[in-house]
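For reference, the structure is listed below as structure tokens.
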Amino acid sequence: MSTINVLVVEDEEAILTLIQFTLEQAGFNVTGCTSVEATKPYLLEKLPDVVLLDWMLPGTSGIQLTKQLRQDARTKDLPIILLTARSDDVDKEMGLNLGADDYLTKPFSPRELVARVNALLRRRAPQKTSEVIDLAGIALDPNERTVIGNGQAIHFGPTEFKLLHFFMTHADRVYTRRQLLDLVWGDHVFVEERTVDVHIRRLRRALAPAQLENLVQTVRGAGYRFSQKESA
Ligand code: CA
Numbered sequence: 029m030s031t032i033n034v035l036v037v038e039d040e041e042a043i044l045t046l047i048q049f050t051l052e053q054a055g056f057n058v059t060g061c062t063s064v065e066a067t068k069p070y071l072l073e074k075l076p077d078v079v080l081l082d083w084m085l086p087g088t089s090g091i092q093l094t095k096q097l098r099q100d101a102r103t104k105d106l107p108i109i110l111l112t113a114r115s116d117d118v119d120k121e122m123g124l125n126l127g128a129d130d131y132l133t134k135p136f137s138p139r140e141l142v143a144r145v146n147a148l149l150r151r152r153a154p155q156k157t158s159e160v161i162d163l164a165g166i167a168l169d170p171n172e173r174t175v176i177g178n179g180q181a182i183h184f185g186p187t188e189f190k191l192l193h194f195f196m197t198h199a200d201r202v203y204t205r206r207q208l209l210d211l212v213w214g215d216h217v218f219v220e221e222r223t224v225d226v227h228i229r230r231l232r233r234a235l236a237p238a239q240l241e242n243l244v245q246t247v248r249g250a251g252y253r254f255s256q257k258e259s260a
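Residue numbers (our numbering): 29 to 260.
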């Protein structure tokens, strides 16, 4: 299973520790910060898969950080869950309007926390979840890292595996090389776009013995897609 990075910003140490413990037990890789300012070095270096953000923080508030993240092209799509106190009802709506994906009212149970994080990942980054996908004759198991295509085991390099996982969770949509680099290779990766072509070729070659290579389609002038429809 690919590691899912969660950034938690919460100034109450006891709550931060509880969240961190809960998410680590559930298999997430967690970084905790007690202020927005403390997140800056982390965010400069890498982007988390999910941000859990306390509403009320000393200094920059959670809502201000949400606004900042949404205004920056690099961070605008980060999945964000705001943590609010029960009394912040009016503010919740404002939080969602300003770009948070979800909110969680304190106090919450560990189970609810994990369920919300997983629900958000399923919605926003399904290639990051560990759910088995069965589509177009291919069964891909992210936990076991196995792929069965038309009944036979297919072996992939790590990049081809990630690429196939991404395609299978985003079927029928066309992605440019740049988008694939951002979404599959990840943030802060400075590789040439033609690297994508190399891995697409390897992916097709691996799928060919199972006669599934035509699922990975070139869309002229646009990019690539995974589809069972006739190739464009
Ligand atoms: Ca707080």
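We put the beta carbon where it would ideally sit given N, CA and C, even for glycine. Treat the numbers as computed from the prediction; the structure is a model and nothing was measured.
To which residues of the same chain is residue i closer than 8 Å at the C-beta, ignoring the five residues directly before and after it?
i: residue 95; result: 126, 127
i: residue 202; result: 247, 250, 251, 252, 253
i: residue 77; result: 32, 33, 34, 107, 149, 153, 156
i: residue 41; result: 62
Quick one: what does DSSP say residue i is sitting in, helix, strand or coil?
i: residue 243; result: helix
i: residue 180; result: strand
i: residue 29; result: Since pLDDT at residue 29 reaches only 43, below the 50 mark, its modelled position is unreliable, and the value read off the structure follows with that caveat. In this structure, residue 29 counts as coil in the three-state DSSP scheme.
i: residue 164; result: coil
i: residue 171; result: coil
i: residue 207; result: helix
i: residue 212; result: helix
i: residue 124; result: helix
Can you name the start and end residues of the alpha helix (DSSP H) that residue i belongs to?
i: residue 50; result: 41-53
i: residue 90; result: 90-99
i: residue 58; result: No alpha helix (DSSP H) holds residue 58; the beta strand (DSSP E) holding it covers 57-61.
i: residue 70; result: 64-73
i: residue 231; result: 222-235
i: residue 197; result: 186-197
Indicate whether residue i and residue j have their beta-carbon atoms separated by less than 8 Å.
i: residue 190; j: residue 32; result: no
i: residue 209; j: residue 194; result: no
i: residue 197; j: residue 227; result: no
i: residue 85; j: residue 64; result: yes
i: residue 71; j: residue 81; result: no
i: residue 230; j: residue 241; result: no
i: residue 79; j: residue 60; result: no
i: residue 17; j: residue 109; result: In the structure as shown, the chain starts at 29 and stops at 260, and residue 17 therefore has no counterpart that could be examined.
i: residue 104; j: residue 111; result: no
i: residue 130; j: residue 144; result: yes
Tell me which residues share the same chain as residue i and place their Cβ nearer than 7 Å to its Cβ, disregarding the 5 neighbours each side in the sequence.
i: residue 219; result: 209, 213
i: residue 205; result: 221, 224, 251
i: residue 278; result: The structure shown has nothing for residue 278, since the chain only spans 29 to 260.
i: residue 173; result: 189
i: residue 54; result: 142
i: residue 89; result: 83
What are the start and end residues of the beta strand (DSSP E) that includes residue i?
i: residue 253; result: 251-254
i: residue 146; result: Premise fails: residue 146 lies in the alpha helix (DSSP H), 138-152, not in any beta strand (DSSP E).
i: residue 85; result: Segment: none, residue 85 is in no beta strand (DSSP E) and carries neither H nor E.
i: residue 130; result: 130-134
i: residue 112; result: 108-113
Please report the Cβ distance between residue i and residue j, rounded to the nearest whole angstrom; I am assuming they are in contact, meaning their Cβ atoms lie under 8 Å.
i: residue 166; j: residue 177; result: 5 Å
i: residue 184; j: residue 238; result: No, residue 184 and residue 238 are not in contact; Cβ-Cβ is about 12 Å, not under 8 Å.
Within its chain, find whatever has a CB closer than 6 Å to the CB of residue i; leave out the 5 residues flanking it on each side and keep chain order.
i: residue 56; result: 32, 34
i: residue 62; result: 39
Would you say the beta carbon of residue i comes nearer than 7 Å to a heavy atom of ligand 2?
i: residue 110; result: Ligand 2 is not part of this structure, which contains only ligand 1.
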